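First comes the structure, then the notes that go with it.
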C-alpha cells in the first residue's frame with residue numbers, strides 16, 4: 122500500500138468527494154492548500170466519516186491515536202488538506218515489505 | 020463506529036447539533052488507546068436516517084441496545100457516557116437493564132426534558148423562528164457559515180417540524196424516584212456550573228445512591244466548552260490513565 126504524500130492526497134481527495142457527495146465537489150479542485158473549513162465548509166460529521174474511512178483504509182498501519190487524539194473537531198476542521206496529509210504521513214508506521 | 024480495543028465504552032451525543040463528532044477526536048480517539056469506544060449517530064442526527072417518530076426514551080434506548088448487539092456486546096456490562104439527551108437515553112437504558120451497565124457518566128443530563136429541553140424546542144415555534152435562532156445562536160456559536168449553516172437549517176427544520184421529536188420531548192418526565200434510588204450502577208454526574216440544567220444534576224445526586232456530582236466551570240455544552248476538564252473526569256472515573264499522543268512533526 123502506497124504511503125507517499127501523493128498517494129495520501131489522492132486517497133484523501135477521493136474520500137472528500139465521496140463523503141460530501143454533492144455535484145459541486147466533483148469538479149472542485151482539491152489540493153494541499155484547500156481548507157476544510159473555509160474552502161469546503163465541511164460539516165464535523167463529514168470530517169469524522171473521512172477520518173474513519175482513512176483509518177479503515179490503512180488499518181493497523183495508521184495509529185489513529187497519533188494523528189487525532191485530543192484535538193477538538195474544530196481544530197481538525199481548521200486544518201488544510203496538506204496539514205492532514207502531513208499528519209497522516211507522520212502517523213503511518215512503516216511496515217516491512 | 021468502533022475504535023480501539025479493550026473494555027467497551029459507548030458514548031452518546033446530545034440533541035439537534037450533536038452527532039458522532041461530539042466525542043470523536045477529543046474523547047473517543049484518546050480513550051481508544053486502551054478501550055473499545057463505540058459511537059453512533061442517534062436517530063435523526065448526523066448520517067443516520069430521519070424517522071418520523073421514535074424520539075422517546077424507550078425507542079432511543081432500544082436503538083442503543085441494537086448498536087451494542089451489532090457489536091456483539093449486548094450481553095455484557097459496558098460503560099455508557101452520554102451528553103444531554105444522550106445522557107437521558109443512557110440513564111433510561113441503565114434503569115431498564117442495570118446489569119448491562121458497568122458505569123454511567125451523565126454529562127448535563129436535562130431531566131426532566133419536558134422542563135429543560137421542551138421550552139427551547141417550543142421556542143422554535145415555526146421554521147422561520149428556528150431559522151432566526153440558527154442564525155443568531157447556533158451558527159454564531161459554532162462559527163458556521165454558508166453550506167454548513169444551510170445543512171444545519173435543513174436538518175433541524177426536518178427534525179423539529181417533520182417528526183414527533185417535539186411531542187416526544189414534551190412527554191419526557193423525570194425518571195421515577197424509586198427507580199433512581201434503587202440504581203446501584205456507579206454514576207458520575209458532570210454538570211456545567213452555568214448550565215440551566217444544574218438543578219437536575221443536584222436532584223440526581225440526591226437520589227442516585229452511588230453517584231458523584233462534579234461541577235465544571237462552563238454551561239450546558241460541556242464537551243465543547245470544557246474539553247480538557249471533561250476528559251480528565253472521564254479518564255479518572257473510567258480508570259483510563261492519560262495517554263500522551265506521540266509527538267508528530269509539525270506540518271511544514
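Chains as they are written, first to last, in our numbering: chain A, 122 to 218; chain B, 20 to 271. Glycine included, C-beta positions come from ideal geometry on N, C-alpha and C. Note that the structure is predicted; figures quoted are calculated from it, not measured.
Close CB contacts of residue 213/A within its chain, under the 7 Å cut and outside five residues either way in sequence, are with 124, 179, 182, 183 (chain order). As summarised for the region 156-242 of chain B, the continuous alpha helix (DSSP H) elements at least 4 residues long and confined to that stretch are 158-161, 165-180, 184-189, 196-201, 217-226, given in chain order. With a beta-carbon spacing of about 28 Å, residue 21/B and residue 239/B fall beyond the 8 Å limit used to define contacts. According to DSSP, residue pairing for residue 126/B in a beta bridge involves 102/B, 209/B. Between the region 212-228 of chain B and the region 83-100 of chain B, the count of C-beta pairs closer than 8 Å stays below three; the two stretches do not touch. Flagged as an interface residue toward chain A: residue 43/B, by a C-beta distance shorter than 9 Å. Residue-level contact check: residue 60/B touches chain A, since one or more beta carbons of chain A fall below 9 Å from its beta carbon. For residue 24/B, the three-state secondary structure derived from DSSP is coil. Taking the Cβ atoms as the reference, residue 133/B lies roughly 28 Å from residue 98/B, outside the contact range of under 8 Å. For residue 195/A, the closest Cβ of chain B is nearer than 9 Å. For residue 58/B, the uninterrupted beta strand (DSSP E) run begins and ends at 55-58, by DSSP. Residue 140/B and residue 65/B have their C-alpha atoms roughly 19 Å apart.
As summarised for the region 153-206 of chain A, the continuous alpha helix (DSSP H) elements at least 4 residues long and confined to that stretch are 165-179, 185-189, 194-198, given in chain order. For residue 42/B, there is no enclosing alpha helix (DSSP H), as DSSP gives it neither H nor E. Assignment of beta-bridge partners to residue 133/A by DSSP yields no partner. Rounded to the nearest angstrom, the gap between the Cα atoms of residue 170/A and residue 151/B is 29 Å. The distance from the Cβ of residue 59/B to that of residue 28/B is about 13 Å, inconsistent with a contact at the 8 Å cut-off. By the Cβ neighbour-count rule, residue 129/B is buried, with 16 or more other Cβ atoms within 10 Å of its own. Taking the beta carbon of residue 54/B as reference, no residue of chain A falls within 8 Å; the closest one sits roughly 12 Å away. Closest option to residue 176/B, judged by alpha-carbon separation, among 195/B, 144/B, 50/B, 100/B: 144/B. By the Cβ test, the region 190-203 of chain A is in contact with the region 151-162 of chain A, since at least three Cβ pairs between them sit closer than 8 Å.
Excluding five sequence positions before and after residue 129/A, the CB atoms of its chain that fall closer than 7 Å to its own CB belong to 206, 209, 210, given in chain order. In this structure, the alpha-carbon of residue 254/B lies about 42 Å from that of residue 145/A. When CB distances to chain A are screened at a threshold of 7 Å, not a single residue of the region 99-119 of chain B falls below it. Chain-order list of chain B residues neighbouring residue 157/A: empty, with the shortest C-beta distance near 11 Å, by a criterion of under 7 Å. When the Cα atoms are used, residue 125/B and residue 68/B turn out to be separated by approximately 25 Å. In this model, residue 191/B and residue 154/B are separated by some 28 Å (Cα to Cα). Assignment of residue 97/B by DSSP, reduced to helix, strand and coil, places it in the strand class. For residue 229/B, no CB of chain A lies under 9 Å from its own CB, so it is not counted at the interface with that chain. Taking 9 Å as the threshold, the shortest C-beta distance from residue 122/B to chain A does not fall below it. When the Cα atoms are used, residue 78/B and residue 126/A turn out to be separated by approximately 45 Å. Taking a C-beta distance under 9 Å as the contact criterion, residue 172/A and residue 197/A qualify as a contact pair. Here residue 245/B really is in contact with residue 237/B; their C-beta atoms are around 4 Å apart, less than 8 Å.
Residues of chain A with a Cβ closer than 9 Å to the Cβ of residue 91/B do not exist, since the nearest Cβ in that chain sits about 19 Å away.
In terms of beta-carbon proximity, residue 128/A stays away from the interface with chain B, with every pair separated by 9 Å or more.
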